[in-house]
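Position 172, counted from 1, in the first sequence is what numbering that gives the first Met the number 0 calls 171; the numbers after and before it change by one each time, with no gaps.
All C-beta atoms, glycine included, are put in the ideal place defined by N, C-alpha and C.
Keep in mind the model is a prediction, meaning the values are calculated, not measured.
Below is one structure, written out as C-alpha cells; the observations come after it.
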Amino acid sequence: MYIFDSHQKKKLPFTPLQKGKVKLYVCGPTVYDNAHLGHAKSSLVFDLLRRVLVANGYDVTYARNITDIDDKIINKAKESGKTIKELTDFYTEAFHKDMQAIGVQKPDIEPKATQSLEAMQQMIQKLLDNNHAYQTPSGDVYFDTQSDSEYLTLSNRVQNEEEKQNRVESSQEKKNSADFALWKSVQDGTISFDSPFGKGRPGWHLECSAMIEKHLAYDDLEYAIDIHGGGADLLFPHHENEAAQTRCSTNHQLAKYWIHNGFVNIDGEKMSKSLGNSFFLKDALKEYQGEVLRFYLLSTHYRSDFNFNTQDLESAKKRLDKLYRLKKRLFGLEVKEEQTPFQTKLLEALSDDLNVSFAFALIDEMVTNANEILDTKGKHKELKRQTLANLAYIEKVLGFGQQNPFEYFQFGIDETTKEKINTLIEQRTQAKKAKDFALSDKLRDEILAYGVQLMDTPSGTFWEKV
RNA sequence: GGUGCUAUCGCCAAGUGGUAAGGCCGCAGCCUGCAAAGCUGCUAUCCCCAGUUCAAAUCUGGGUGGCACCUCCA
Numbered sequence: 000m001y002i003f004d005s006h007q008k009k010k011l012p013f014t015p016l017q018k019g020k021v022k023l024y025v026c027g028p029t030v031y032d033n034a035h036l037g038h039a040k041s042s043l044v045f046d047l048l049r050r051v052l053v054a055n056g057y058d059v060t061y062a063r064n065i066t067d068i069d070d071k072i073i074n075k076a077k078e079s080g081k082t083i084k085e086l087t088d089f090y091t092e093a094f095h096k097d098m099q100a101i102g103v104q105k106p107d108i109e110p111k112a113t114q115s116l117e118a119m120q121q122m123i124q125k126l127l128d129n130n131h132a133y134q135t136p137s138g139d140v141y142f143d144t145q146s147d148s149e150y151l152t153l154s155n156r157v158q159n160e161e162e163k164q165n166r167v168e169s170s171q172e173k174k175n176s177a178d179f180a181l182w183k184s185v186q187d188g189t190i191s192f193d194s195p196f197g198k199g200r201p202g203w204h205l206e207c208s209a210m211i212e213k214h215l216a217y218d219d220l221e222y223a224i225d226i227h228g229g230g231a232d233l234l235f236p237h238h239e240n241e242a243a244q245t246r247c248s249t250n251h252q253l254a255k256y257w258i259h260n261g262f263v264n265i266d267g268e269k270m271s272k273s274l275g276n277s278f279f280l281k282d283a284l285k286e287y288q289g290e291v292l293r294f295y296l297l298s299t300h301y302r303s304d305f306n307f308n309t310q311d312l313e314s315a316k317k318r319l320d321k322l323y324r325l326k327k328r329l330f331g332l333e334v335k336e337e338q339t340p341f342q343t344k345l346l347e348a349l350s351d352d353l354n355v356s357f358a359f360a361l362i363d364e365m366v367t368n369a370n371e372i373l374d375t376k377g378k379h380k381e382l383k384r385q386t387l388a389n390l391a392y393i394e395k396v397l398g399f400g401q402q403n404p405f406e407y408f409q410f411g412i413d414e415t416t417k418e419k420i421n422t423l424i425e426q427r428t429q430a431k432k433a434k435d436f437a438l439s440d441k442l443r444d445e446i447l448a449y450g451v452q453l454m455d456t457p458s459g460t461f462w463e464k465v
C-alpha cells in the first residue's frame, strides 16, 4: 500500500508502526452547525482509507473526535438560548445521521472534548513543567513556539520576521506572536472548567493531541499513531500545533504519516454560508440519495480540490446507475464470496494512494464486460457467480451498491404514485399483448409524465425515475 | 508579500520517461413494434517557449493562467 504523506510531500510505501495494525486519527467536526459538503468529503475520504486498509488485512483502529468545546459553540448557545449540551447533542446527532446517509461507517472511537479535559490538563501541565509553555498574568497558558526547534517543520513554513512584526496581536502578553493558547482563562464566570491553571477552557489544538494520547497512542514507539488525517486547511496551524504539543509533552512524535484531503468548492466558488442551500449535506440529501453523493464526492482524487456542481453530479449518478442496472440483471441470485482477478486489480488501484479514478474505470470495465456476456445467449453460470462476488466486493470496499437495485431507481417517488405507475404498466402490457401500439405508447407517455422511464426486458417491464 | 498546489478531448478525470484509461455528452450501427436499457464502432498528442534524452503529457529552466494556505475553517 502507498500513501502520499503531506509532511514529506511524496508518495511513500505504507509500513505500520506495529505489524498488521493501523492507528488512524482524523479531525472531526466542531458541532455548532450542520455538516457541509466539505465535512462529507473529508469523512468519505477517510472512510474509504479505512476500508482499503481493512481490505489489505490491517487491524485498523479509527478514531474521529467530536469537538464540543469551542468559542463558536458558546456563542451560538448564547444566541439561541440553548445550553451547550443541548446544542452539541443536537448537532452531533445530526452529524451522525448525515454520515450514515452517505455510507460512512462509524469510527471505532469517537472521543469528545468534554470527556477528555483531564487528559488535556495533564498535557498542559507537562508542557509547563518542560518549559514549553507559560502562563500569563491574566491566566492564559500559551505554547512557547520558540522552545520547539521543530516548530513549522510539518507544514514546511518559515517564520517571517516582517509578518511577525506587522501582525496585530490580540494578546500583548504572548512571548512570540506565533504562540498559541493551550488554556484560555475565563474570568466572567460564563462557560468554563476548573483546572490547576484556574477557571477556563482548553485551546482547540490541544484537544486532538490530548485525545490521541488518551485513546489511541502507543506508549513506547517513535510515533504515537500511524496516520493522522484531516482537511487541507488543517495542516497549518492546527496540525502543526498538535504535532508540537505532542512532541514536546511526550516521548514521541505525533504521526508517522499525514494525510490531507482537498477542498470542496461549489460552482467554482469557495463554500460560504451566503451561497445557500447546497452548502449543507442535509439539503443535498433532500434532492439526491446519499449513495449518489458518496459516489460523486469520492469520484475524484482525494487530494485535488473538488468542484461541486449539479452537472457533474448527474453525470456521476449515471455512472452509478450502470452498476445498479447490472445488479438488477442479477437480482435474486445467491451471492458467495469468491476471489477474482478484478478484485485484486481493484484493491491494487485503491491501495495506490486511493486511486479511485482508476478503480472506477476498472468497475466500468467489469460492468461492461458482464453486460456484454449476459447479452449473448447462454447460461453464464460462472460469470454470474463471479460478477455477484465482484459486486459484493465493491460494496464492501467502496460502499457502493448496498441498496435493493429496484428501490435505488425509485428514489423520491411516493407509494401512491408507485401504485399508479404499476397500474399503468399493467394496462400497457395488456395493450402490447393485443398489439395496440398506439394505446401502449399513449400509456407510456402518461407514465413518463411522472418523471419515470420504462424498460422492456425479457423478464418484464421495469421503471426508473429519470 | 511568503509558502505550496495545479494546467490532459465540449464537460468530469486517470496516467509521473517508451509512444494518451474511464465516465458524461455527441454521431453511426446492432437489438426493440417503436423506445428505454444493453452492446459495438468513432472523437484529444496532453497551456506556451527552451532544454535534457534514442525516447517527455510525464524530467529541468523560463513564461502565462487557475487555485489554496498564511494562526476561525473539513
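Boundaries (first-last residue) of the beta strand (DSSP E) holding residue i
{"i": "Tyr24", "result": "20-25"}
{"i": "Lys376", "result": "No beta strand (DSSP E) contains Lys376, which DSSP labels as neither H nor E."}
{"i": "Lys183", "result": "180-184"}
{"i": "Asn260", "result": "252-260"}
{"i": "Arg63", "result": "58-63"}
{"i": "Ile108", "result": "It is not in any beta strand (DSSP E) - Ile108 carries neither H nor E in the DSSP assignment."}
{"i": "Phe410", "result": "That residue, Phe410, is in no beta strand (DSSP E); it is neither H nor E in DSSP."}
{"i": "Ile265", "result": "263-265"}
Buried/exposed call for residue i, threshold 16 Cβ in 10 Å
{"i": "Tyr90", "result": "buried"}
{"i": "Ser314", "result": "exposed"}
{"i": "Asn240", "result": "buried"}
{"i": "Asp455", "result": "exposed"}
{"i": "Lys317", "result": "exposed"}
{"i": "Asn130", "result": "exposed"}
{"i": "Ala369", "result": "buried"}
{"i": "Leu79", "result": "Looking at the sequence shown, residue 79 is not Leu but Ser. It is exposed - the Cβ of Ser79 has fewer than 16 other Cβ atoms within 10 Å."}
{"i": "Tyr287", "result": "buried"}
{"i": "Met210", "result": "buried"}
{"i": "Pro12", "result": "exposed"}
{"i": "Thr66", "result": "buried"}
{"i": "Gly199", "result": "buried"}
{"i": "Lys327", "result": "buried"}
{"i": "Glu290", "result": "buried"}
{"i": "Val263", "result": "buried"}
{"i": "Gln385", "result": "buried"}
{"i": "Lys173", "result": "buried"}
DSSP three-state assignment for residue i, whether helix, strand or coil
{"i": "Thr456", "result": "strand"}
{"i": "Ile190", "result": "coil"}
{"i": "His6", "result": "coil"}
{"i": "Asp440", "result": "helix"}
{"i": "Leu297", "result": "helix"}
{"i": "Pro15", "result": "coil"}
{"i": "Tyr287", "result": "coil"}
{"i": "Tyr392", "result": "helix"}
{"i": "Asn129", "result": "coil"}
{"i": "Asn175", "result": "coil"}
{"i": "Glu160", "result": "Because the pLDDT of Glu160 is 47, which lies under 50, any placement of that residue in the model is unreliable, and the question is left without a value."}
{"i": "Ile123", "result": "helix"}
{"i": "Glu463", "result": "strand"}
{"i": "Tyr449", "result": "coil"}
{"i": "Asp67", "result": "coil"}
{"i": "Tyr323", "result": "helix"}
{"i": "Phe142", "result": "strand"}
{"i": "Lys268", "result": "Checking the sequence shown, residue 268 turns out to be Glu, not Lys. In this structure, Glu268 counts as strand in the three-state DSSP scheme."}
{"i": "Asp46", "result": "helix"}
Check: residue i C-beta below 7 angstroms from any heavy atom of the ligand FAD
{"i": "Tyr301", "result": "Looking for the ligand FAD in the displayed structure turns up nothing, as the structure carries no ligands at all."}
For residue i, the first and last residue of its enclosing alpha helix (DSSP H)
{"i": "Arg427", "result": "414-432"}
{"i": "Ile134", "result": "Just to set this straight, residue 134 is Gln in the shown sequence, not Ile. Here Gln134 belongs to no alpha helix (DSSP H); instead the beta strand (DSSP E) covers 132-134."}
{"i": "Asn55", "result": "Taken as a continuous stretch (DSSP letters only), Asn55 belongs to no alpha helix (DSSP H), as it is neither H nor E."}
{"i": "Phe307", "result": "Unbroken run through Phe307 is the beta strand (DSSP E), 305-307; no alpha helix (DSSP H)."}
{"i": "Tyr90", "result": "83-100"}
{"i": "Phe405", "result": "404-407"}
{"i": "Gln348", "result": "The question names Gln, but residue 348 is Ala in the sequence shown. Counting along the chain, the alpha helix (DSSP H) containing Ala348 begins and ends at 340-349."}
Among the options, the one whose alpha carbon lies nearest that of residue i
{"i": "Glu221", "options": "Lys20, Thr152, Gln310, Lys255", "result": "Lys255"}
{"i": "His259", "options": "Glu418, Leu447, Leu153", "result": "Leu153"}
{"i": "Lys77", "options": "Arg384, Met365, Ile190, Val396", "result": "Ile190"}
{"i": "Leu151", "options": "Ala223, Ser439, Pro236", "result": "Pro236"}
{"i": "Asp311", "options": "His214, Thr299, Gly411, Lys376", "result": "Thr299"}
{"i": "Ile446", "options": "Lys464, Phe436, Ala437, Pro457", "result": "Lys464"}
{"i": "Leu43", "options": "Tyr133, Asp232, Met0, Leu292", "result": "Leu292"}
{"i": "Lys344", "options": "Arg324, Phe330, Met365, Lys174", "result": "Met365"}
{"i": "Asn33", "options": "Asn389, Phe278, Ala391", "result": "Phe278"}
{"i": "Ala348", "options": "Leu253, Phe341, Phe357", "result": "Phe357"}
{"i": "Lys20", "options": "Phe94, Leu319, Ile226", "result": "Ile226"}
{"i": "Leu329", "options": "Ala231, Thr60, Ile372, Lys10", "result": "Ile372"}
What are the start and end residues of each continuous alpha helix (DSSP H) run of 4 or more residues lying completely inside the region 200-238, in chain order?
-> 203-214
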